[in-house]
């Protein structure tokens, strides 16, 4: 009878180990983010526009509802904005774009939206082609 009790305990421990979650429970982990060196910036909203032979992609850490509120005069602080212009007709899923295919790229952190306009912020990085006239 003692061996049955030990067998049951061992079986229970084995089942609990096999059913244990292997997911990391890191609350700072974001599925949609931009990571630069040791800093991670969550991205909650995206806007994709096409025009001629370019695609414009804008990502931000605020929600669509907050963006709509900003047009009503609500000021939103701590806004991160990532903007990119890609020389292509559309975005292709699972494709990596080379820097040579990107016309302009900017990432601004800790800005504000006042009256529907993005203001202030710190440039984390920027790339733009020279304009020739």
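In mature numbering (1 follows the signal peptide of the UniProt record, and there is no 0), the protein residues as written are -20 to -1, 1 to 113. Where a beta carbon is used, it is the ideal one built from N, C-alpha and C, also for glycine. All of these numbers come straight from a predicted model, not from anything done at the bench.
1. Report the CB separation of residue 24 from residue 47 in whole angstroms; it is logged as a contact under 8 angstroms.
2. At which residues does the alpha helix (DSSP H) containing residue 18 begin and terminate?
3. Taking 8 angstroms as the limit between beta carbons, can you name the residues of its chain near residue 67, skipping five residues before and five after?
4. Let me confirm a value: residue 50 is counted as buried when at least 16 other C-beta atoms fall within 10 Å, else exposed. Which label applies?
5. Would residue 55 be called buried (16 or more neighbouring beta carbons within 10 Å of its own) or exposed?
A quick look at the data gives this:
1. No, residue 24 and residue 47 are not in contact; Cβ-Cβ is about 10 angstroms, not under 8 angstroms.
2. Element bounds for residue 18: n/a, residue is neither H nor E.
3. Cβ-Cβ distances below 8 angstroms link residue 67 to 33, 34, 81, 82 and 83 in the same chain, with the five nearest sequence neighbours on each side left out; the list follows chain order.
4. With at least 16 other beta carbons inside 10 angstroms of its own, residue 50 counts as buried.
5. By the 10 Å Cβ count, residue 55 comes out exposed.
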